[in-house]
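K.L.:
Order-wise, the sequence lines are chains A and B. If you're matching positions, the first sequence starts at 1162 in the working numbering and goes up one per residue. If you're matching positions, the second sequence starts at 426 in the working numbering and goes up one per residue. Beta carbons: idealized from backbone N, C-alpha and C, even for Gly. Just passing along the structure, written as structure tokens.
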Amino acid sequence: MARFQILENVRLRGDYFRVVFSAPEIAAAARAGQFVHVRIDERRDHVLRRPFSIHDADPAAGSITLIYKRVGSGTALLAEKAAGSCCDLLGPLGTAFTPAPEGVVPVAVAGGYGAAATYMLVRSCARKPVLLIGARNRDELILDDVYRAAGCDVRVATDDGGCGVKGRVTELVEPLLAENPGKKFFFYGCGPRPMLAALGRKLRELHRDGELSVDEIMCCGVGACFGCVVKINDPDAEKGWSYARSCVEGPVFPLEKIYLEK
Amino acid sequence: MADLSTSFASLELKNPVTTASGTCGYGLEYANFYDLKKLGAVIVKGIRMTPSDGNPMPRVCEVTGGMINAIGLQGPGVDAFLHDDHYLPALKKSGATVFVNIWGTSIGEYADVAAALDAGSDGISALEVNISCPNVKAGGAAFGTDGKLAAQVVRAVRGATRLPVIVKLSPNVADIAEFGRIAEAEGADAISLINTLGAMAIDIETRRPKIANVTGGLSGPAVKPVAIRMVYQCFRAVKVPILGMGGISCGADAVEFMLAGATAVSVGTANFTDPLLPLNVISFLDEYLDRHRIKSVRELVGAMEQ
Ligand SMILES: Cc1cc2nc3c(=O)[nH]c(=O)nc-3n(C[C@H](O)[C@H](O)[C@H](O)COP(=O)(O)OP(=O)(O)OC[C@H]3O[C@@H](n4cnc5c(N)ncnc54)[C@H](O)[C@@H]3O)c2cc1C
Ligand SMILES: Cc1cc2nc3c(=O)[nH]c(=O)nc-3n(C[C@H](O)[C@H](O)[C@H](O)COP(=O)(O)O)c2cc1C
Ligand code: FES
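Written as structure tokens, this is what we have:
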């Protein structure tokens, strides 16, 4: 398989890291919301690749950047890799966010490393997205500085109130709408399942449109195994939903397609 | 260049390397990576009469040297498979040799699926009958672990199709050779083994099972020694050819299966690790045969020395 060299692999804070790969073809093709499927090491005890959102792509430099949290054996292994070593990447895979056109305010709503997936919207949308970002505490907050440096309006919510507003990221939605009466918004959600469900419900209540990027465990990453499915609304199905593969039909789904459990 | 072509059941295969059912989709999922014609055969995921949802999520988890799955046979059903553009019609266009894996929740359904595929058999080279999936409460497990039921399924499918019938055995039995003999006696043209081993894993932090179905099937390198043993036992018990699988993750593993008695092999879980693995296995076989001055891959079958 193709080997992709690590140009940089550094700690951002706590368990969060940034890794840059030399990957010209992926960089040229990547769009916001897509992911790469990473075989971190050729260890036989790891049979599955690990999916990571493409945080940024630089077609001129031929490089892509991922932001990852060390949570288990694979990401721990990745954190130990030095610049110059290689991983095997498949990608870019999956569906992408639809860039908001002129006249529409793009709003990224992110939990944890979810903000990694929405960053390329900074360049693909007609105007700079607003970032609503939630984290458990100050130490778990990442990328707010990167979005600010790119000229985005960044609003923070933390569970403990250590930074920004105390509360959930979804609570930042209504104040934003209230400040901008009559404006058109398009929301991009990326984060853990409970956050996405809460965001989905809130946006429906408020009659706002958007797209959600789901985070499910994956095996093949290319639609072959049915290991990564999510429920999507399906009027033809008796139950009202059917399963879609999040690696090829997602990870980005239009909000109206996502089936929200009652 | 050694001769990699081989005879399997009544078929002539380009080489003995296939991709295992459930790990290579229903169509062209891997066609972006290589020309599917390069494989001995593509074995599509299990098909039944009607579309089925499969199990709730999470459906998979990784364990040391393998994975557990309880996908629960999500699929489009036989009609959609035969007629929707991206399934069989796409495979046909690709020129791939296609084996179709089938299952049912009753003996009648097995026969119906076999008959439906027989009628639409243009583009299908063989049926692989999954009597061994451990995931579907309504059927699979019982058929593959009860000798009488297994015999009835094979008889019903045999009677419903002219296509070569490969019976896929469950490893979750005390004596796998017995099931090999049953399949052969009921008219199977070949047997394939192993399907996944009944397995389970628990998240100790949440105390919840790692997959929603609680139990699932183990696959990947961890199961290979068990699979080799079972292929060896079946090879000594039956005359029909064996399609060997279970944990193949490199060319050497495939050679090991053939030495134990497999005429052809399937790459399963390893497709997830490396989509190009089936091609690596093919080139390794070629190199191995040359290195050992063996003219044809057929000479490897059951050639273990004792
Ligand atoms: C589309 C997509 C994009 C993602 N983007 C990012 C990102 O930008 N940054 C980031 O830090 N993480 C991201 N993740 C989550 C990331 O894939 C997991 O954190 C990672 O696989 C954990 O691997 P591990 O070996 O360290 O953990 P372990 O817990 O040891 O992994 C065991 C198995 O579970 C899987 N797994 C564990 N947690 C998750 C999870 N949250 N989602 C999916 N699979 C999981 C692993 O892939 C592996 O197969 C993304 C997941 C998906 C599906
Ligand atoms: C995700 C997954 C789905 C599977 N689906 C099927 C299936 O639909 N029908 C079947 O007969 N076997 C199915 N299998 C079993 C494989 O075809 C194979 O027998 C088994 O995984 C052992 O080989 P491996 O270790 O190389 O994966 C599946 C296996 C996996 C991992
Ligand atoms: S990960 Fe295999 S179908 Fe999505």
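Looking only at its chain, what residues have a beta carbon closer than 6 angstroms to the beta carbon of A/His1216, apart from the 5 residues adjacent to it on each side?
P.N.:
For A/His1216, where only same-chain residues beyond five positions count, the Cβ hits under 6 angstroms are Thr1226, Leu1227, Ile1228, Ala1277, Tyr1280.
K.L.:
Taking Cβ-Cβ distances shorter than 9 angstroms, what residues in chain A pair up with B/Val656?
P.N.:
Near B/Val656 there are no residues of chain A at all, since even the closest Cβ is about 20 angstroms away, more than 9 angstroms.
K.L.:
Any chance the CB of A/Arg1406 is under 6 angstroms from a heavy atom of ligand 1?
P.N.:
No, Cβ of A/Arg1406 sits at least 6 angstroms from all heavy atoms of ligand 1.
K.L.:
Buried or exposed: which applies to B/Val680, given that a residue is buried once 16 or more other Cβ atoms fall within 10 Å of its Cβ?
P.N.:
Its Cβ being crowded by 16 or more others within 10 Å, B/Val680 is buried.
K.L.:
Is it buried or exposed, A/Leu1254, if we count other Cβ atoms within 10 angstroms and call 16 or more buried?
P.N.:
The residue in question, A/Leu1254, is buried, as its Cβ has 16 or more Cβ neighbours within 10 Å.
K.L.:
Is the Cβ of B/Arg484 closer than 7 angstroms to any Cβ of chain A?
P.N.:
Yes, its Cβ sits closer than 7 angstroms to a Cβ of chain A.
K.L.:
Please report the distance separating the alpha-carbon of A/Gln1195 from that of A/Leu1416.
P.N.:
Using only the alpha carbons, I get a separation of about 17 angstroms.
K.L.:
Whole angstroms are fine: how far does the CA of B/Asn705 sit from the CA of B/Ala505?
P.N.:
Distance between the alpha carbons of B/Ala505 and B/Asn705: 33 angstroms.
K.L.:
How should B/Ala450 be labelled, buried or exposed, when 16 other C-beta atoms within 10 angstroms of its C-beta is the threshold for buried?
P.N.:
Here the sequence assigns Gly to residue 450 of chain B, which means Ala is not the residue at that position. With 16 or more Cβ atoms within 10 Å of its Cβ, B/Gly450 is classed as buried.
K.L.:
Counting only Cβ-Cβ distances shorter than 9 angstroms, please list the residues of the segment 1358-1391 of chain A near chain B, keeping chain order.
P.N.:
So the list reads Glu1377, Ile1378, Met1379, Cys1380, Cys1381, Gly1382, Val1383, Gly1384, Ala1385, Cys1386, Phe1387, Gly1388, Cys1389, Val1390, Val1391, given in the order they occur along the chain.
K.L.:
Would B/Met616 and B/Pro596 be called neighbours here (beta carbons separated by less than 7 angstroms)?
P.N.:
Correcting the residue identity first, residue 616 of chain B is Ile in this sequence and not Met. Going by C-beta atoms, B/Ile616 is not nearer than 7 angstroms to B/Pro596.
K.L.:
Give me, in chain order, the residues of the same chain whose beta-carbon lies closer than 8 angstroms to that of B/Pro476; leave out the 5 immediate sequence neighbours on both sides.
P.N.:
Answer for B/Pro476: Gly500, Pro501, Gly502, Ala505, listed in chain order.
K.L.:
Between which two residues does the alpha helix (DSSP H) harbouring A/Asp1176 extend?
P.N.:
Run containing A/Asp1176: none; DSSP gives neither H nor E here.
K.L.:
Quick one: residues in its chain with C-beta nearer than 6 angstroms to the C-beta of B/Ala495, no 5 flanking neighbours on either side, listed in chain order?
P.N.:
Around B/Ala495: Asn480, Arg484, Asn560, Ile636, Asn638, Gly641.
K.L.:
Closer than 8 angstroms, Cβ to any Cβ of chain B: which residues of the segment 1208-1235 of chain A, in chain order?
P.N.:
The residues in question are Val1208, Leu1209, Arg1210.
K.L.:
Beta carbon of B/Val467, beta carbon of B/Val538: below 7 angstroms?
P.N.:
In this structure, B/Val538 does not lie closer than 7 angstroms to B/Val467 by Cβ.
K.L.:
For the segment 642-724 of chain B, list the alpha helix (DSSP H) runs that are entirely contained and at least 4 residues long, ordered along the chain.
P.N.:
Segments of the alpha helix (DSSP H) lying fully in the segment 642-724 of chain B: 649-662, 676-685, 695-698, 702-716.
K.L.:
Quick one: does B/Val722 have its CB under 7 angstroms from some CB of chain A?
P.N.:
Answer no: the Cβ-Cβ gap between B/Val722 and chain A never drops below 7 angstroms.
K.L.:
For A/Ser1224, which residues of its own chain have a beta-carbon under 7 angstroms away from its beta-carbon, when the five flanking residues on both sides are left out?
P.N.:
Within the same chain, A/Ser1224 has close Cβ partners Leu1168, Val1181, Phe1182, Ser1183, Ala1184, Ala1188.
K.L.:
When the cut-off is 7 angstroms and only beta carbons count, does B/Phe524 lie next to chain A?
P.N.:
No - not a single Cβ of chain A is within 7 angstroms of the one on B/Phe524.
K.L.:
So if DSSP puts B/Cys486 in a beta bridge, which residue, or which two residues, is it bridged to?
P.N.:
Answer by DSSP bridge pairing, in chain order: B/Ile493.
K.L.:
What do you reckon, is the C-beta of A/Cys1286 under 6 angstroms from a heavy atom of ligand 3?
P.N.:
For ligand 3, not one heavy atom lies less than 6 angstroms from the Cβ of A/Cys1286.
K.L.:
DSSP on B/Asp600, reduced to helix/strand/coil?
P.N.:
Note: B/Asp600 maps to coil in three-state DSSP.
K.L.:
For a contact defined as C-beta to C-beta under 7 angstroms, what are the partners of A/Arg1205 on chain B?
P.N.:
Under the 7 angstroms cutoff, chain B gives Gly490, Pro646, Ser674.
K.L.:
Note down, in chain order, each residue of its chain lying with its Cβ closer than 6 angstroms to the Cβ of A/Pro1412, except the 5 sequence neighbours on either side.
P.N.:
Taken in chain order, the residues that qualify are Gly1255, Ser1374, Val1375.
K.L.:
Buried or exposed, going by whether 16 or more other CB atoms sit within 10 Å of the CB of A/Pro1212?
P.N.:
Label assigned to A/Pro1212: buried.
K.L.:
Can you pull the DSSP bridge partners for A/Phe1346?
P.N.:
DSSP lists A/Val1266 as partners of A/Phe1346.
K.L.:
How long is the line joining the alpha carbons of A/Val1409 and B/Leu513, rounded to whole angstroms?
P.N.:
Each residue's alpha carbon lies about 19 angstroms from the other.
K.L.:
Starting from the N-terminal end, write out each residue whose C-beta falls within a distance shorter than 5 angstroms of any non-hydrogen atom of ligand 1.
P.N.:
Counting every residue whose Cβ lies closer than 5 angstroms to a heavy atom of ligand 1, we get A/Phe1196, A/Leu1209, A/Arg1211, A/Pro1212, A/Phe1213, A/Ser1214, A/Tyr1229, A/Lys1230, A/Val1232, A/Gly1233, A/Ser1234, A/Gly1235, A/Thr1236, A/Tyr1274, A/Ala1277, A/Asp1376, A/Ile1378, A/Pro1412, B/Glu487.
K.L.:
Under the assumption that B/Ala652 contacts B/Thr431 (Cβ atoms under 8 angstroms), give the Cβ distance between them as a whole number of angstroms.
P.N.:
Actually they are not in contact, since the Cβ atoms of B/Ala652 and B/Thr431 sit about 19 angstroms apart, beyond 8 angstroms.
K.L.:
For A/Gly1382 and B/Glu487, what's the separation of their Cα atoms in angstroms?
P.N.:
Roughly 15 angstroms separates the two Cα atoms.
K.L.:
Return the chain-ordered list of same chain residues with a C-beta closer than 6 angstroms to the C-beta of B/Arg723, the five sequence neighbours on each side being excluded.
P.N.:
Contacts found: Thr431.
K.L.:
Is the beta carbon of B/Ala536 closer than 7 angstroms to that of B/Ala581?
P.N.:
Yes, the Cβ-Cβ distance between B/Ala581 and B/Ala536 is below 7 angstroms.
K.L.:
With 8 angstroms as the C-beta to C-beta threshold (strictly closer), list the residues of the segment 1186-1206 of chain A near chain D in chain order.
P.N.:
No chain D is part of this structure, whose protein chains are labelled A and B.
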